[in-house]
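See below for the structure under consideration.
There are 2 protein chains.
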Amino acid sequence: MSKEQESISNFLSKLSEIAEKVNEYLDKWLPQNEEEYSANLNEAMRYSVMAGGKRIRPALTVLTAEAFGFKGEAVYRAGCAYELYHSASLIHDDLPCMDDDDLRRGKPTNHKVFGEATAVLAGDCLMLMPYEWFGKLGEYGVSEDKIVKIMKIANEAFTYRGVIGGQMLDLRYENKKIDQETLERIHMGKTAALLRAPILTGAVLADANSEQLKSLKTYSHKIGLLFQIVDDILDIESDAATLGKNTGRDVALGKSTYPALLGLDGAKEYAKKTYNEAILAIEPLGDKMNDLKALALYLLQRKS
Amino acid sequence: MSKEQESISNFLSKLSEIAEKVNEYLDKWLPQNEEEYSANLNEAMRYSVMAGGKRIRPALTVLTAEAFGFKGEAVYRAGCAYELYHSASLIHDDLPCMDDDDLRRGKPTNHKVFGEATAVLAGDCLMLMPYEWFGKLGEYGVSEDKIVKIMKIANEAFTYRGVIGGQMLDLRYENKKIDQETLERIHMGKTAALLRAPILTGAVLADANSEQLKSLKTYSHKIGLLFQIVDDILDIESDAATLGKNTGRDVALGKSTYPALLGLDGAKEYAKKTYNEAILAIEPLGDKMNDLKALALYLLQRKS
Numbered sequence: 055m056s057k058e059q060e061s062i063s064n065f066l067s068k069l070s071e072i073a074e075k076v077n078e079y080l081d082k083w084l085p086q087n088e089e090e091y092s093a094n095l096n097e098a099m100r101y102s103v104m105a106g107g108k109r110i111r112p113a114l115t116v117l118t119a120e121a122f123g124f125k126g127e128a129v130y131r132a133g134c135a136y137e138l139y140h141s142a143s144l145i146h147d148d149l150p151c152m153d154d155d156d157l158r159r160g161k162p163t164n165h166k167v168f169g170e171a172t173a174v175l176a177g178d179c180l181m182l183m184p185y186e187w188f189g190k191l192g193e194y195g196v197s198e199d200k201i202v203k204i205m206k207i208a209n210e211a212f213t214y215r216g217v218i219g220g221q222m223l224d225l226r227y228e229n230k231k232i233d234q235e236t237l238e239r240i241h242m243g244k245t246a247a248l249l250r251a252p253i254l255t256g257a258v259l260a261d262a263n264s265e266q267l268k269s270l271k272t273y274s275h276k277i278g279l280l281f282q283i284v285d286d287i288l289d290i291e292s293d294a295a296t297l298g299k300n301t302g303r304d305v306a307l308g309k310s311t312y313p314a315l316l317g318l319d320g321a322k323e324y325a326k327k328t329y330n331e332a333i334l335a336i337e338p339l340g341d342k343m344n345d346l347k348a349l350a351l352y353l354l355q356r357k358s
Numbered sequence: 055m056s057k058e059q060e061s062i063s064n065f066l067s068k069l070s071e072i073a074e075k076v077n078e079y080l081d082k083w084l085p086q087n088e089e090e091y092s093a094n095l096n097e098a099m100r101y102s103v104m105a106g107g108k109r110i111r112p113a114l115t116v117l118t119a120e121a122f123g124f125k126g127e128a129v130y131r132a133g134c135a136y137e138l139y140h141s142a143s144l145i146h147d148d149l150p151c152m153d154d155d156d157l158r159r160g161k162p163t164n165h166k167v168f169g170e171a172t173a174v175l176a177g178d179c180l181m182l183m184p185y186e187w188f189g190k191l192g193e194y195g196v197s198e199d200k201i202v203k204i205m206k207i208a209n210e211a212f213t214y215r216g217v218i219g220g221q222m223l224d225l226r227y228e229n230k231k232i233d234q235e236t237l238e239r240i241h242m243g244k245t246a247a248l249l250r251a252p253i254l255t256g257a258v259l260a261d262a263n264s265e266q267l268k269s270l271k272t273y274s275h276k277i278g279l280l281f282q283i284v285d286d287i288l289d290i291e292s293d294a295a296t297l298g299k300n301t302g303r304d305v306a307l308g309k310s311t312y313p314a315l316l317g318l319d320g321a322k323e324y325a326k327k328t329y330n331e332a333i334l335a336i337e338p339l340g341d342k343m344n345d346l347k348a349l350a351l352y353l354l355q356r357k358s
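Spelled out as structure tokens, the structure:
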């Protein structure tokens with residue numbers, strides 16, 4: 055195994071260890087089905103949040119905080135909050151009036167199981183609950199000052215400047231030819247914003263300084279783009295068996311992609327360039343960034 | 055004019071003065087249509103938020119803060135945040151999969167104008183933006199400690215213990231006969247929670263103590279119920295011209311109402327009792343509660 059492959063493999067086993075802990079905490083912290091008067095709601099929220107996934111967003115909070123020497127339950131509480139928002143966003147995305155998807159991670163989508171009205175409400179509730187969980191950080195001794203900082207970081211990612219803004223822009227340009235700048239603004243909103251926020255949250259919890267926050271911000275944006283560029287390439291190059299979903303979907307849907315804009319070789323070059331920029335951004339922070347570097351390498355080299 | 059009528063009339067003119075300022079601030083603080091990359095989103099959000107209404111929730115923040123001697127733009131910033139959430143909740147309520155309403159305040163509902171996908175996203179964004187606005191309270195010198203307190207008060211009202219929990223319970227018992235306890239739990243969630251939060255927010259901004267907060271909490275719950283009891287009575291007694299909407303709707307829809315549970319006279323007695331409890335709750339706080347008392351009296355005596 056090359057040194058590169060080894061660092062990716064170490065990173066992936068660390069990631070799955072964290073994901074296991076995230077799953078335990080989510081199960082413990084989500085409202086119980088029998089709690090209060092919102093049993094159906096709680097059941098619908100649990101259904102989607104506990105459906106699995108790599109738990110990459112909470113893992114980013116954990117990895118970043120630990121890189122700066124900060125560990126403990128508070129890091130998981132803050133990181134898991136982003137998983138709630140992520141689940142909420144997927145529930146609303148899958149609605150008939152949005153992407154109209156029946157399956158998500160091999161299971162029927164939320165509205166297929168609980169009905170559309172409950173799916174709207176479960177999504178609403180999961181979008182708002184991160185702020186409840188941020189509020190609970192005080193119980194772990196996190197200062198109000200930091201809680202407000204984290205709340206602002208989350209806002210920036212959740213609303214019109216972040217995910218929702220990106221989705222809106224995506225809707226607006228559906229089936230229209232767009233330039234690279236617009237494509238990147240969509241990805242910055244829909245993808246990069248929700249990688250940036252958990253990374254910066256981990257850094258704030260661990261008292262990173264403003265210079266370090268700036269480096270991590272650039273890194274987040276670059277890996278968000280990198281993820282999307284590689285996604286577009288895999289949609290063309292990979293076979294369905296490896297990718298675990300149908301290939302050629304983007305072309306069939308007439309979506310603007312990097313290979314469409316830059317050609318396949320151009321897109322590959324651009325992926326490499328974006329990877330290099332991600333690494334360069336966190337280079338000044340030294341060895342403690344090894345996990346985040348391994349993540350970038352993994353995103354560049356992944357085959358699925 | 056009786057003394058009672060005079061206090062109501064003074065209160066109503068104060069309310070409309072505040073509403074005018076609320077409208078100015080909302081117009082100023084909502085993202086501009088041309089801002090960033092979310093033009094359609096901003097247009098859809100403005101459409102619903104600026105559609106009017108009594109602005110009772112921000113007014114409650116303002117009236118409460120001023121009762122305790124605290125004035126200024128920060129009070130409006132915090133109060134207006136609740137109007138964003140309220141608008142969001144109406145946008146999602148009107149969706150075809152929820153109440154399927156085409157008209158709201160005499161205008162086509164959000165999804166009728168902008169399409170369902172945009173209405174879902176505009177609602178999502180408006181639900182989350184209160185936290186952006188709470189975060190901005192620091193710019194007016196409000197301490198992080200208070201901001202976190204307000205954030206928690208808002209959470210309690212917005213999610214499964216508040217509005218969304220109430221809506222869920224309402225959905226669950228649709229077309230089913232329910233007892234008074236269940237009916238009150240629905241109203242506590244759907245209505246009272248979103249009166250309580252702006253009132254407590256005004257009190258926290260103005261440094262009210264925990265005893266005072268407790269009194270205001272009880273008052274909020276009572277006026278929330280009072281509003282609903284009187285609503286149910288008006289649905290039977292008022293004519294459509296006075297009420298500005300069709301009467302007899304509740305009965306036609308098979309909804310559980312107070313007159314159905316207690317008889318018309320019983321419901322009227324219960325309204326009077328609930329009014330008395332609201333007044334009693336804030337009696338110890340003295341004359342500074344006069345506006346809130348006038349509000350309770352108005353809610354009891356209103357004919358529309």
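Top to bottom, those sequences are chains D and S. Mapped onto this note's numbering, the consecutive letters of the first sequence carry residue numbers 55 to 358. Mapped onto this note's numbering, the consecutive letters of the second sequence carry residue numbers 55 to 358. Think of the CB as a built atom: it goes at the ideal place given N, C-alpha and C, for glycine as much as any other residue.
- When C-beta distances to chain S are compared with 7 Å, the residues of the stretch 197-213 of chain D below that value are E198, D199, I201, V202, M205, K206, N209, F212, T213, in chain order.
- Taking C-beta separations shorter than 7 Å and ignoring five residues to either side along the sequence, the partners of N164/S in its chain run A98, Y101, S102, I145, D148, A173, A176, following chain order.
- The Cβ neighbour count for G195/S, taken over all protein chains shown within 10 Å, is under 16; the residue is labelled exposed.
- L157/D is bridged by DSSP to P162/D.
- Under a criterion of Cβ atoms nearer than 7 Å, the residues of chain D adjacent to E170/S are, in order, C151.
- By the neighbour-count criterion, in which 16 or more other beta carbons inside 10 Å mark a residue as buried, M104/S falls on the exposed side.
- In this structure, A113/S sits away from L259/S, with a CB-CB distance that is not shorter than 8 Å.
- Note on K57/D: under 16 other CB atoms within 10 angstroms of its CB, so exposed under the neighbour-count rule.
- With at least 16 other beta carbons inside 10 angstroms of its own, P313/D counts as buried.
- With contacts defined by Cβ atoms closer than 8 Å, S269/D and A332/D do not form a contacting pair.
- Only P85 from the stretch 69-87 of chain D bring a Cβ to less than 9 Å from some Cβ of chain S.
- Residues R131, C134, W187 of the same chain have their beta carbon placed closer than 8 Å to that of W83/D, with the five preceding and five following residues left out of the count.
- Taking 8 Å as the threshold, the shortest C-beta distance from E186/D to chain S falls below it.
- Q355/S sits exposed, since fewer than 16 C-beta atoms from the chains shown fall within 10 Å of its C-beta.
- Proximity of N164/D to chain S, defined by a Cβ-Cβ separation below 8 Å, is not satisfied.
- Straight-line measurement puts the Cα of D289/S at about 16 Å from the Cα of E323/S.
- Proximity of Q221/D to chain S, defined by a Cβ-Cβ separation below 8 Å, is satisfied.
- Residues of the stretch 223-254 of chain D whose Cβ lies closer than 7 Å to any Cβ of chain S, in chain order: L223, L225, R226, R239.
- Contacts with chain D (Cβ-Cβ distance below 8 Å) from the stretch 264-293 of chain S involve no residue at all.
- Proximity of the stretch 214-226 of chain S to the stretch 71-81 of chain S falls short of the contact definition, fewer than three beta-carbon pairs being nearer than 8 Å.
- With respect to chain D, the C-beta atom of C134/S has no partner C-beta closer than 8 Å.
- Between I204/D and the set K276/D, G126/D, G256/D, the nearest pair of CA atoms involves G256/D.
- For M183/S, the uninterrupted alpha helix (DSSP H) run begins and ends at 170-189, by DSSP.
- Here DSSP, grouped into helix, strand and coil, assigns V217/D to helix.
- Scanning the stretch 88-137 of chain S for uninterrupted alpha helix (DSSP H) segments of 4 residues or longer gives 93-103, 110-121, listed from N- to C-terminal end.
- Taking the CA atoms as reference points, K309/S sits about 11 Å from L225/S.
- Comparing alpha-carbon positions, the option among L339/D, E74/D, T245/D, P184/D lying closest to L280/D turns out to be T245/D.
- DSSP, reduced to helix, strand and coil, places T245/S within a helical segment of the structure shown.
- Put simply, the CB of V174/S is near chain D, with a gap under 8 Å to one of its CB atoms.
- Excluding its 5 nearest sequence neighbours in each direction, K231/D has C-beta neighbours in its own chain below 7 Å: S310, listed in chain order.
- According to the DSSP assignment, A262/D belongs to no alpha helix (DSSP H), since it is labelled neither H nor E.
- Counting C-beta pairs with one atom in each stretch, the stretch 113-127 of chain D and the stretch 150-166 of chain D have fewer than three that are closer than 8 Å, which means they do not touch.
- For the set L316/S, K271/S, G340/S, the Cα lying nearest the Cα of I283/S is the one of L316/S.
- V202/S is positioned such that its CB atom lies closer than 8 Å to that of E198/D.
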